[in-house]
Amino acid sequence: MNRIEYMQRLEELLADIPAEEREDAINYYNDYFDAGGEDNEEETITALGSPEQLAATIKLANTEGEVIDGEFTETGYIDNLGRGANELDKYSQINVSGGERVKKKKDPATIILIIILTIFALPILLPLGFAFLMVVISFAIAAIAIVFSLAAAFVAIGIAALISGIVGICVAIGALVSNPYGALLLMGISLMLTAFGLVFALGCINLVVKLVPPVIRGIVRAVCNLFAWIKKKLQRRES
Amino acid sequence: MVFNTGAALLDAIVLAVVAKENEGTYGYKITQDVRTVIELSESTLYPVLRRLQKDECLETYDQQFNGRNRRYYKITERGTAQLGLYRDEWLAYSSKVTGIFSGRNEEE
Chain A
0 MNRIEYMQRL
10 EELLADIPAE
20 EREDAINYYN
30 DYFDAGGEDN
40 EEETITALGS
50 PEQLAATIKL
60 ANTEGEVIDG
70 EFTETGYIDN
80 LGRGANELDK
90 YSQINVSGGE
100 RVKKKKDPAT
110 IILIIILTIF
120 ALPILLPLGF
130 AFLMVVISFA
140 IAAIAIVFSL
150 AAAFVAIGIA
160 ALISGIVGIC
170 VAIGALVSNP
180 YGALLLMGIS
190 LMLTAFGLVF
200 ALGCINLVVK
210 LVPPVIRGIV
220 RAVCNLFAWI
230 KKKLQRRES
Chain R
0 MVFNTGAALL
10 DAIVLAVVAK
20 ENEGTYGYKI
30 TQDVRTVIEL
40 SESTLYPVLR
50 RLQKDECLET
60 YDQQFNGRNR
70 RYYKITERGT
80 AQLGLYRDEW
90 LAYSSKVTGI
100 FSGRNEEE
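First to last, the sequence lines map onto chains A and R. The numbering of the first sequence is numbering that gives the first Met the number 0, which starts it at 0 and goes up by one. The numbering of the second sequence is numbering that gives the first Met the number 0, which starts it at 0 and goes up by one.
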């Protein structure tokens, strides 16, 4: 990663802080690279750590109003930056934000507004949510049905080959006297067909027994994951 | 380092480092100067400087250096007052700690 890539990545990671804060931080670290010297850009990158770590550090500057001055803990530094213990051995343990964070309390007016908006949006949101749920469930059912019908089709091919083979053998035995050459040819083909049908049907059944449960489990898990993800998103928006 | 550096002590060291330069100094140099005193990762100082700037203990101005703009930090009056407070607190605190380590206080 060179300096330009590093700074681009940093800017991406800071997309969620106010533009003014982002510009200030980007300016600062551009200055930092300049002051570190063009020949030492690699060293500067190593010294600054990964863009992810740096972004986490920068975001500490944006905790204004949520910081109690004075008390701080050693572990607070680890939590805030998500750094491992080995890194903390290297550096002194400093809680840069200067203290514990206080959870932001929501304004009662905001809560009431949210409730009113929710009530008004309910007639639209409910059917929409229901429709979405139905779409997801029908997709899952369709996927399971496809898996089942494919499996059934393959087994059916095998069984059909097996049955026609056996019928062929019977016909050949009947025609053995009247048309011995034709009967022998038919007998040969029918025996091959029977063998193929038997192997194919048994192979398919074996495959179905092994494959279908994991595939269905996979589909069900995918749907569950989707709902869990939506739930997480909603919860994050609430908090 | 055996002892932790608290947020207040780090603020005090940064203010002292910036106060040394009458014309102001820049982020990279502040970081290197602070690193001569305490162990500190190079990335750590930005939030501290930003906070001190928001608290109006530091002010910034941009000046050309080698054809590029560079941001300089200067201590404000408020910052100087804060530094004075930190300095007195530190003297009282460190002399008490030194006292108990050297056994002077035990006899009193």
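Even for Gly, the Cβ is constructed at its ideal location relative to N, Cα and C.
Between which residues of its own chain and residue i is the CB-CB distance below 7 Å, once the five residues before and five after are set aside?
| i | result |
| --- | --- |
| residue 15 of chain R | 82 |
| residue 214 of chain A | 146 |
| residue 0 of chain A | 44 |
| residue 186 of chain A | 168, 171 |
| residue 200 of chain A | 154, 157, 158, 161 |
| residue 267 of chain A | Here chain A has residues from 0 to 238 only, and residue 267 of chain A is not among them. |
Report the CB separation of residue i from residue j in whole angstroms; it is logged as a contact under 8 Å.
| i | j | result |
| --- | --- | --- |
| residue 146 of chain A | residue 204 of chain A | At roughly 15 Å, the Cβ-Cβ gap does not stay under 8 Å, so residue 146 of chain A and residue 204 of chain A are not in contact. |
| residue 60 of chain A | residue 50 of chain R | 6 Å |
| residue 157 of chain A | residue 196 of chain A | 5 Å |
| residue 59 of chain R | residue 71 of chain R | 7 Å |
| residue 47 of chain A | residue 41 of chain R | 6 Å |
| residue 222 of chain A | residue 141 of chain A | Not really, about 12 Å apart at Cβ, beyond 8 Å. |
Would residue i be called buried (16 or more neighbouring beta carbons within 10 Å of its own) or exposed?
| i | result |
| --- | --- |
| residue 28 of chain A | buried |
| residue 97 of chain R | exposed |
| residue 84 of chain R | exposed |
| residue 87 of chain R | exposed |
| residue 81 of chain A | Residue placement at residue 81 of chain A is flagged as unreliable, the pLDDT there being 41, under the threshold of 50; the coordinate-derived value follows with that caveat. Exposed, since its Cβ has fewer than 16 Cβ neighbours within 10 Å. |
| residue 108 of chain A | exposed |
| residue 128 of chain A | exposed |
| residue 216 of chain A | exposed |
| residue 53 of chain A | buried |
| residue 38 of chain A | exposed |
| residue 13 of chain A | buried |
| residue 58 of chain A | buried |
| residue 220 of chain A | exposed |
| residue 228 of chain A | exposed |
| residue 39 of chain R | buried |
| residue 35 of chain A | buried |
| residue 5 of chain A | buried |
| residue 18 of chain A | exposed |
| residue 92 of chain R | exposed |
| residue 180 of chain A | exposed |
| residue 67 of chain R | exposed |
| residue 61 of chain R | exposed |
| residue 30 of chain A | buried |
| residue 21 of chain A | buried |
| residue 78 of chain R | buried |
With a threshold of 6 Å on Cβ separation, who are the neighbours of residue i within its own chain once the five nearest residues in sequence on each side are excluded?
| i | result |
| --- | --- |
| residue 115 of chain A | none |
| residue 117 of chain A | none |
Is the distance from the Cβ of residue i to the Cβ of residue j below 8 Å?
| i | j | result |
| --- | --- | --- |
| residue 26 of chain R | residue 73 of chain R | no |
| residue 150 of chain A | residue 198 of chain A | no |
| residue 134 of chain A | residue 225 of chain A | no |
| residue 36 of chain R | residue 9 of chain R | no |
| residue 43 of chain R | residue 45 of chain A | no |
| residue 56 of chain R | residue 75 of chain R | yes |
| residue 51 of chain A | residue 2 of chain A | no |
| residue 89 of chain R | residue 18 of chain R | no |
| residue 69 of chain R | residue 106 of chain A | no |
| residue 165 of chain A | residue 193 of chain A | yes |
| residue 160 of chain A | residue 189 of chain A | no |
| residue 33 of chain R | residue 1 of chain R | no |
Tell me which residues share the same chain as residue i and place their Cβ nearer than 8 Å to its Cβ, disregarding the 5 neighbours each side in the sequence.
| i | result |
| --- | --- |
| residue 42 of chain A | 35 |
Exercise for review: Quick one: which unbroken beta strand (DSSP E) runs of 3-plus residues sit fully inside the segment 19–78 of chain R? Chain order, please.
Suggested key: DSSP runs (the beta strand (DSSP E)) wholly in the segment 19–78 of chain R: 57–64, 67–74.
Review point. Can you list the alpha helix (DSSP H) stretches of 4 or more residues lying completely in the segment 24–69 of chain A, in chain order?
Key: Segments of the alpha helix (DSSP H) lying fully in the segment 24–69 of chain A: 40–47, 50–59.
Check your understanding: Can you list the beta strand (DSSP E) stretches of 3 or more residues lying completely in the segment 130–217 of chain A, in chain order?
Key -> Segments of the beta strand (DSSP E) lying fully in the segment 130–217 of chain A: there are none.
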